[in-house]
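These notes are about the structure you will find just below.
Chains as they are written, first to last, in the working numbering: chain A, 32 to 319; chain B, 32 to 319.
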């Protein structure tokens, strides 16, 4: 259920055709405008200065782990998480129209995409060439008119750069999901998802004392609140002390969540709620 | 106290002069041999096949956070952590002999080193040029005989490539430490450090049930065992499930640690001890 369609412009990091853009196009309603930015910092700034109403950022991949930079940026900026989306990463092999799979000997892509398709690349007897990003590899293929090379990128990138998809599902492990967060200055969730409930994301720090993390987790465990993620990040200037990022199942306005956070406030030296938003079922490919 | 000096050869990732090599030279006794390897995987393999007796790997930086790749490799390989060393990262500005600080307009280094020296670079009015690594930037300066450029790397790199140090302590935040782990096939600690006690590193996974992490941490909290680090990493093929890496104060043969791990075994679906080794006080720059 779309709450508001007017003036949605979504910032993402990367080139046109990036996986972040593909995820945005699946999550947001048809016709939403996307806008590419060079860095993740630029994505956050684009929302703060009002260039874009929303941003979409990858926060974790089921194979590679967290995108820690974006955890740090969530803390540094004052934006709100208003949604999440589990995007199924499907790597496609693409080349200029007319090029056959037997014509190619090189494959260009981001090192992580090349690593995730290692078995397929070996089977096809291709030399992997690391590049800055996946969509950028597709763009370069188009610009350089290289007839002996392919790129690994999203299907969406093939459409953007008018390339032909030679093979789909190139990834060795199909359980390859990236969890994206939708961020905004406005805390209205765009897309309702009551069927899977809600998730809340917080960040906090603790005194560096034995048992402090255990006590912090007790505020959730004693109330049967389910944690879905814990991530620790260093506190600059305080070596070997950490901020903890936790996601848990529940809506911030639920009384049990309220009481848990009041309890955590007694223990934490710092606590901030990053957002409370509809949960996305990762087995589903549909919105919400 | 050095336990054994014979046949020590230490593998590290990077080029000659890398921070990892500088850390190895501080940790290991004078005269120990170091050997560079291209990747972290190669470092682990060099020990498994017996090319090197020990390896030194960065596991965490106090500003940038964990080196997650090395957590994953600890799990994949069967090596033992036999020591830790907190290396104080001091970035030096270096150039060819005879070059003055007023001659240079460009500075080459790894993006993370450039980021950590951002204020100094701005004050000196230099253009930052990102490169593959710090020591590699120093090597290229020597090879290209560039008289208008400098590199940011370790003091050790300046010695290796016969460059002159134009400025020391270029980092904006002096609380810049990297924790290195010393790994081996042989579990004999090389350097005693009884004065600071011992640390133990483990990795485990849990059933994905509410409260499972809380229960796992209880085995330490109920015995007043101090945790110094928790890190979560994805389990490939099980989206949004995690392995937990924990460091705690104590020696594995202490009866309280034994009982805590037996208790954890009751709760964990998987548990492995990665090593139990002398603790290094990070405020001290001396060995052990």
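Idealized CB from N, CA, C, for every residue including glycine.
In terms of CA proximity to residue 277 of chain B, B:234 leads the group B:84, B:234, B:242 and B:243. The beta-carbon of residue 93 of chain B is placed less than 9 Å from the nearest beta-carbon of chain A. The beta carbon of residue 270 of chain A sits closer than 9 Å to some beta carbon of chain B. When only Cα atoms are considered, residue 113 of chain B and residue 308 of chain B end up about 5 Å apart.
Residue 193 of chain B has no beta-bridge partner at all, per DSSP. Using a C-beta cut-off of 8 Å, the segment 248 to 255 of chain B makes contact with the segment 286 to 304 of chain B, since at least three inter-stretch Cβ pairs fall below that distance. At a cut-off of 9 Å between C-beta atoms, residue 66 of chain B does not count as an interface residue with respect to chain A. In this structure, the CA atom of residue 246 of chain A is about 11 Å from the CA atom of residue 238 of chain A.
Taking C-beta atoms as the reference points, residue 283 of chain A and residue 257 of chain A fail to come closer than 9 Å. Of the candidates B:119, B:75, B:218 and B:236, B:236 places its Cα closest to the Cα of residue 301 of chain B. Cβ proximity to chain B below 8 Å picks out 241, 242, 244, 245, 246, 248, 249, 251, 252 and 255 from the segment 237 to 255 of chain A. Pairing residue 85 of chain A with residue 297 of chain B, the inter-Cα distance amounts to about 46 Å.
With a beta-carbon spacing of about 5 Å, residue 65 of chain A and residue 41 of chain A fall inside the 8 Å limit used to define contacts.
The three-state reading of DSSP puts residue 278 of chain B in strand, counting E and B together. Linking residue 90 of chain A to residue 117 of chain A through their CA atoms gives a straight-line distance of about 10 Å. If you draw a straight line from the Cα of residue 133 of chain B to the Cα of residue 180 of chain B, it is about 10 Å long.
Taking a Cβ-Cβ threshold of 7 Å, none of the residues of chain B is close to residue 50 of chain A; the smallest such distance is about 16 Å.
Residue contact with chain A for residue 265 of chain B: present (Cβ-Cβ distance below 9 Å to some residue of chain A). Here the segment 192 to 207 of chain A makes no contact with the segment 60 to 80 of chain A; the two share fewer than three CB pairs at distances below 8 Å.
Fully enclosed beta strand (DSSP E) runs of no fewer than 3 residues occupy 137 to 140, 158 to 161 and 180 to 184 of the segment 137 to 196 of chain A, in order along the chain.
For residue 262 of chain B, the C-beta contacts it makes with chain A under 7 Å involve 263, in order along the chain.
In the three-state reduction of the DSSP assignment, residue 83 of chain B falls in the coil class, being assigned neither a helical nor a strand state. Every unbroken stretch of the beta strand (DSSP E) spanning 3 or more residues and falling wholly within the segment 214 to 280 of chain B is given here in chain order: 229 to 237, 258 to 265 and 273 to 280.
In terms of beta-carbon proximity, residue 96 of chain A lines the interface with chain B, with at least one pair separated by less than 9 Å. Put simply, the backbone Cα of residue 196 of chain A is about 19 Å away from that of residue 153 of chain A. Beta bridge pairing from DSSP links residue 210 of chain B with B:91 and B:117. Taking one beta carbon from each stretch, the segment 40 to 57 of chain A and the segment 176 to 191 of chain A have 3 or more pairs nearer than 8 Å; the two touch.
Between residue 104 of chain B and residue 72 of chain B, the C-beta spacing is below 9 Å. The beta-carbon distance between residue 157 of chain A and residue 143 of chain A, rounded to whole angstroms, is 17 Å. This is too long to meet the 8 Å contact definition. Distance check between residue 78 of chain A and each of A:286, A:97 and A:44 places A:44 closest, using alpha-carbon atoms only. Rounded to whole angstroms, the separation of the alpha carbons of residue 96 of chain B and residue 203 of chain B is 17 Å. In the three-state DSSP reduction, residue 70 of chain B falls in the coil class, being neither helix nor strand.
The beta carbons of residue 273 of chain A and residue 267 of chain A sit about 11 Å from each other, so the pair does not count as a contact at 8 Å. Closest in alpha carbon position to residue 159 of chain A, among A:148, A:174, A:220 and A:115, is A:148.
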